[in-house]
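Participant: Chains as they are written, first to last, in numbering that gives the first Met the number 0: chain A, 0 to 625; chain B, 0 to 192; chain C, 0 to 67.
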Amino acid sequence: MLSLGLIRGLIVGAIGAVIGMALTMAARVALGRPAWSADPVSFVGAISWIVFFLVGIGAFSDWWRWAQGEQAGDPHHPDPNAPQWKRYFSFDPSHKVIGIQYTVTALALMYVAGLLALIMRLELARSGLQFMSPNTYNTIMGLHGIVMIGAILLGVSGMANYLIPLMVGAPDMAFPRLNALSFWITVPGVVLIVLSFFTGGFDTGWTGYPPLGARAPLGILFFYLGVFAIGLSSILGSINFLTTTLKMRAPGMSLFRMPIFVWGMLATSIIQLVATQFIGMSFLMVVLERVLGMGFFDPAKGGDAVLFQHIFWFYSHPAVYIFILPGLGIISELLPVFVRKPLFGYKFVALSSMAIAIIGFLVWAHHMFTVGLGNVLNSTFMFTTVLVAVPTGIKFFNWLATMWEGKISFETPMLFVLGAFVIFLIGGLSGPPNGTVVTDFFLHETYWVVGHFHHTMFGGFVFPFMAAIYFWFPKVTGRMYNERLGKLHFWLMTIGFFMVTTSMFRIGLLGMRRRIADYDPALGFDTFQMIATMGGFLVGLSMLVFLVNIVRSIRAGERAPENPWRSRSLEWQISSPPPEFNYPTPPVVVGGPYDYGVPGSVYVRFGIAGASDADPARTSSDNGKS
Amino acid sequence: MSTATTHTSAVVHPEYDRLALNRFGLWLFFFSESLIFLILLLTRFYLFGTSRPEELNQTLGLAITVILLLSSFTAYRAETAIAHDDRPQFLRNLLATILLGTLFLLGVVLVEWPEAPRLGIVPQEGFGIAFFSMTGMHAFHVLSGVLLLLMVYLNGRRGAYSSDSYWGVEASIKYWHFVDVVWVFFYPALYLL
Amino acid sequence: MEAKKAAKLRLGWIVIGILAVLTAVEFWVAIAINSALLYLAVLALAKAALIVQYFMHVNQLWHKEGHE
Ligand SMILES: [Cu+2]
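1. Closer than 7 Å to a non-hydrogen atom of ligand 1 - does that hold for the CB of histidine 365 of chain A?
2. Give a yes or no on whether the minimum CB-CB distance between valine 180 of chain B and chain C is below 8 Å.
3. Tell me, to the nearest whole angstrom, how far the beta carbon of phenylalanine 322 of chain A is from that of glycine 459 of chain A; I am working on the premise that it is less than 8 Å.
4. Does the Cβ of histidine 62 of chain C lie closer than 7 Å to at least one heavy atom of ligand 1?
5. Quick one: give me the first and last residue of the alpha helix (DSSP H) that valine 305 of chain A is part of.
6. Measure the alpha-carbon distance for aspartate 519 of chain A versus valine 437 of chain A and round it to whole angstroms.
7. Check distances from the C-beta atoms of the segment 17-39 of chain C to those of chain B and list, in chain order, the residues that come in under 8 Å.
8. Please check if any C-beta of chain A sits within less than 8 Å of the C-beta of leucine 189 of chain B.
9. Note down, one range per segment and in chain order, each alpha helix (DSSP H) of at least 4 residues found wholly within the segment 38-108 of chain A.
10. In three-state DSSP terms, what is tyrosine 174 of chain B?
11. Verify the CB distance criterion: does glycine 230 of chain A have a CB-CB separation below 8 Å to chain B?
12. Looking only at C-alpha atoms, which of B/Arg17, B/Thr64, B/Leu46 sits nearest to tyrosine 186 of chain B?
13. Please check if any C-beta of chain C sits within less than 8 Å of the C-beta of valine 11 of chain B.
14. Can you round the beta-carbon distance between isoleucine 329 of chain A and alanine 213 of chain A to whole angstroms, since I take them to be within the 8 Å contact cut?
15. If you measure from the CB of histidine 316 of chain A, is any heavy atom of ligand 1 nearer than 7 Å?
16. Taking only three categories from DSSP, how would you classify alanine 608 of chain A?
17. In the DSSP assignment, find the beta strand (DSSP E) that holds valine 118 of chain C and state where it starts and stops.
18. Any contact between the segment 41-54 of chain A and the segment 3-14 of chain A? By contact I mean 3 or more CB pairs, one from each, below 8 Å.
19. Does at least one heavy atom of ligand 2 sit under 7 Å from the Cβ of valine 338 of chain A?
20. Looking at the strands, I want to know which residues DSSP matches up with proline 33 of chain A.
21. If you drop the 5 nearest sequence neighbours on each side, which residues of the same chain put their C-beta closer than 8 Å to that of valine 285 of chain A?
22. With a cut-off of 8 Å, do at least 3 Cβ pairs link the segment 28-36 of chain A to the segment 61-74 of chain A?
23. Classify proline 520 of chain A as helix, strand or coil using the three-state DSSP reduction.
24. Within the segment 356-412 of chain A, note down every full alpha helix (DSSP H) run reaching 4 residues or more, in order along the chain.
25. So the beta strand (DSSP E) valine 588 of chain A belongs to, where does it begin and stop?
26. Is it buried or exposed for aspartate 38 of chain A, if we count other Cβ within 10 angstroms and need 16 for buried?
27. In the structure shown, what three-state DSSP assignment does valine 603 of chain A receive?
28. DSSP three-state call for threonine 445 of chain A: helix, strand or coil?
29. Mind listing which residues of the segment 156-189 of chain A have their C-beta closer than 7 Å to chain B's C-betas, in chain order?
30. Can you tell me the Cα-Cα spacing of serine 89 of chain A and serine 181 of chain A, whole angstroms?
31. If you pair each beta-carbon of the segment 180-194 of chain A with each one of the segment 146-165 of chain A, do three or more pairs fall below 8 Å?
32. Would you list, in chain order, the members of the segment 131-142 of chain B that have their beta-carbon closer than 8 Å to a beta-carbon of chain A?
33. Please list the residues of the segment 64-93 of chain A that have a C-beta atom closer than 9 Å to any C-beta atom in chain B, keeping them in chain order.
34. Return yes when the Cβ of isoleucine 270 of chain A is within less than 8 Å of the Cβ of alanine 356 of chain A, no when it is not.
35. Whose C-alpha, out of A/Ile573, A/Glu69, A/Ala364, A/Gln528, is nearest the C-alpha of arginine 157 of chain B?
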C-alpha cells in the first residue's frame, strides 16, 4: 500500500494538517489570544496540508536533492515491468500518464458537478421550496460553478498534456517534474473545494464577491484556497505548454505547420499565464480583508468594492477562452479528418485563436454594465465585446467551407463536433444581447445569461471534449469504443441539453432571476422549469451511457488498428498506446498538417534527423540509430 | 509499450538545449509573477490616486532602496565570478548579497512596519492597505530569494557549480534581480510620489 | 578569459553607477517637482531596463549561447 504515492501523500498530508493547526494555535496562545479561531487556524492547517501532501507523494524529492547540490538528472520513470495502474496513483513524470490523470479527474469532477446541477434542477422543477434552504441552494450553486470550472481546467490540461508533446513530435514536456506537480497540486485543491461544503458552505456563488465574501461562513476560505491551488496548477501548466510548444517542436515544424489544437493551446496558455494571477490576487485580497481586516474593498476604510470586480473579471472573462479555445482547436482538428478535405484557411483559423485571446483581455467590464461605470466605459467595453465575434466568425466560416462538398462520415467524434458547431453557434449568437449595454440592462442576472453561458461551455468545451475522448480513445487505450453506445450518448445529450437551454432562454426573457432557489408561481415559469429539469436528467443519463461505454471498451473493446481514422497527425503514425518516449525514430515535418486528399502530399517522415533545422534553440543530432 | 532496451532516456531523447529551455521557462515564470506586483501597484493607484502620506520615513526608504540595488550589484559579480571559475570571489559576493538582502528585510519588517502605525499608517485602512500589502508581498519574495541564495551559497562552499554548470546559481540570481526590479517600481510608488 | 571577466566586472561598476545616479535623480525629482508621476515612471522604467538587460541578461533568450 505504501508504495502508492497517493496513500503516502494522504498520510503525510494529514500529519501536516495537524502540525500546521497546532503551530498556529500555539502561536496564538503565545500572543495571548484564545487558541481557537476558525479562520486563521484552518487556513494555515489547510496550506500545510497541501504542502505535506505534496511532500508525501514525492513531488519535491528530486528538487530537494537538487537543492543540496546534487545533480537530479533526468526525471525518474518507473520500472516498465511494474504494474501500470500504480503509475496513475503516483508522482509520475510521463506526460501521457499525467494527461490521463488529468482527464480522469476532470471527468470525475464533471460527474460531481453534474450531480449538483441535477440537485438544483430538482429544487427548481416546481415553484415553492422543495427540500432545500436558500443558503444550501446557494452553496450548491456556487459549488456546481467552481467544480465545473475546475473540471474544465483539468480537462483542458488533460487533452493538452497527452496531445501536445505527441503533436509537436517531442518525447515529453519541457519540465516533466513541474508537470507532475501541476497535476498533483490540483488534488488537494479539489478536496478543499469539496470540504468547503462541510465547513459551512459559502453563499456567495463562485464569484465570491466582497463584502459577502469577507463575511461568508468558513467554507469560503476553503473555496478560495482550492482556487489558489488550481490556479497555481494552471500557471505552472502554461509555462510547460509554452516552452514545449515554442522550443521543442520536431525539425521542420514551423509555427504554421503546427496542428490547430496546438495553436489553440498556445493562445490558451498565454491567457493562463497572464490572467490567472488576477483571480488569485482578487481572492487573496478578500482573504486579507477577512483575516487581517485590510479594507481593500471596504469603502468605510478607504477601499472600493468595484475594484474587486475589475480584478476578478480581468481573469474570469479570459477564463472562458481558456475553456473554449482548446475545444475550438479540437473541432478544427477533427473536421478535416472526417470530411477528408484540407482545413479551409489554415492560417486564419490558427491566428483567430490568438486574436480571440488578445481581444479577450479587453472586454472584462461587460460583466459590470449595471455597476454604474458610466456611458463612456460602458460603450467602450460594448465595442470590444462585439469585436470578439469577428475572429470567432472567421472560425465558423472556415469550418463551413471545410465541410463544403466534403465526404462527411458520421462516427461518434464527428457527431460531437457537429453538435459542438451548432451549440456553440447559438451560444455565440446569444452573446451580443448580453454584450450590448441597452439589452444587457434587461437581461443582466437573468436565466438568459445562464442559457448563453451553458451554450458556450457545452459547445466550446463539453462536446469537443467528448469528441476528443472518443477520437483519441483508440490511441490512448489501444481499443475501440462501442459506436452504437457512442451515438446513443450523443443523441441523448443533445436532446437533453436543448431542453435545458431552450427553457432557460425562454424564462430568462420572461424575467427569471439567476442565483435564487425559488420563484413566484404566478410568473408562469413552472412548465419550462419542469422541461429543463427533465432535460437535465436526460443529460445525466447520457453521461451514464458514456461511462458504461468507456469502462466496457477499456476492458473488452475491439483491438484498435494504429490509425483507425486515417489521420495525418504525428501521433497516429506510431503504435497505440505510444511508447514511453513517443517516437522511436524522430519525426521530421515536411508539409502542411491538413492536406487531406491532396495528391502526393506528405506531412511527416521518420528517421531523417537533422534534415531541417528551423529552430536554432534545438540541436537535432544523430538519433536515427535507435 | 516501452521495452527495457528503449527505456533509458538517453536512447530516444533528441538532444534539446536544456539551458535554453530552463531560461525560457524561468522568464515565463517571472512574467507571470510580475503581474502579482502589477495588480498591487494598480490597486494602489486605483484607490489612492497619486496621493501619498507625508509621514513615511524617507531616510529609511532611500536606505533600503540603495541596499537592494547594491545587492543586485554583488549578485551580478557573484554570477560573473562563477562563470569564470573564481570560487572565492563568487562566495564572497554571494555572501554580501545575502547579507544585504537580510538587511533590507530587517529594515522593512523590524523598522518600517513597527514605525508606520505610530505615524498613523495602519494596515487596516487608508494608504496603509496599499503600503503593507505591497511591502508585505515584496518582502515575502525577498525572503524566498534570500533562502534560495543561502542554499546556493552552502552548496557553493561544498564545491558545487563550475563555469560549465551553474544553472542553480544563474536561476537564483536572476530571481534576485527580478525581486530588485519590483522594488524599482514600488519605491517611487510608495515613497516618492 | 581574464580580460573578458575584467570587462564584465567593469560593466557591473558602470551599471550600478548609472543606477545610483538615476536613484538620486528620482529622489531629487520627488522633492523638486510637484506632479512627478510621469518622470518617476520613466526613471523607474530606465532603471528596470538596465537591470533586465545587463544583470539578468534577457538577450540570452534570443541569442543562443550556453554558459560562456
Ligand atoms: Cu465575459
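Idealized CB from N, CA, C, for every residue including glycine.
From a predicted model like this one, the values you see are computed outputs, not experimental measurements.
Facilitator: Short version:
1. yes
2. So, interface residue.
3. 6 Å
4. At a cut-off of 7 Å, the beta-carbon of histidine 62 of chain C does not count as near ligand 1: no heavy atom of the ligand is closer than that.
5. 304-338
6. 26 Å
7. Under the 8 Å Cβ criterion, the segment 17-39 of chain C contributes Leu18, Ala19, Thr22, Glu25, Phe26, Val28, Ala29, Ser34, Ala35, Leu36, Leu39.
8. no
9. 60-66
10. helix
11. no
12. B/Thr64
13. Unreliable positioning characterises valine 11 of chain B in this predicted model, as indicated by a pLDDT of 40, which lies under 50. The coordinate reading is nonetheless provided below. Chain C has no Cβ within less than 8 Å of the Cβ of valine 11 of chain B.
14. For a cut-off of 8 Å, the C-beta gap from isoleucine 329 of chain A to alanine 213 of chain A is around 40 Å, too long to register as a contact.
15. yes
16. With a pLDDT of 48 at alanine 608 of chain A, under the threshold of 50, the predicted position of this residue should be treated as unreliable, and no value is reported.
17. As shown, chain C starts at 0 and ends at 67. That puts residue 118 of chain C outside it, with no answer to give.
18. yes
19. Within the structure as shown, ligand 2 is missing, the only ligands being ligand 1.
20. Partner(s): none; proline 33 of chain A has no beta bridge.
21. Closer than 8 Å at the Cβ level, and outside the excluded window around valine 285 of chain A, lie Gly207, Pro209, Gly212, Ala213, Tyr223, Phe295, Phe296, Phe307.
22. no
23. helix
24. 374-386, 388-402
25. 586-588
26. exposed
27. strand
28. strand
29. Pro170, Ala173, Phe174
30. 13 Å
31. yes
32. Of all residues in the segment 131-142 of chain B, only Phe131, Ser132 place a beta-carbon less than 8 Å from a beta-carbon of chain A.
33. Those would be Trp65, Ala66, Gln67, Gly68, Glu69, Gln70, Asp73, Pro74, His76, Asp78, Pro79, Asn80, Gln83, in chain order.
34. yes
35. A/Glu69
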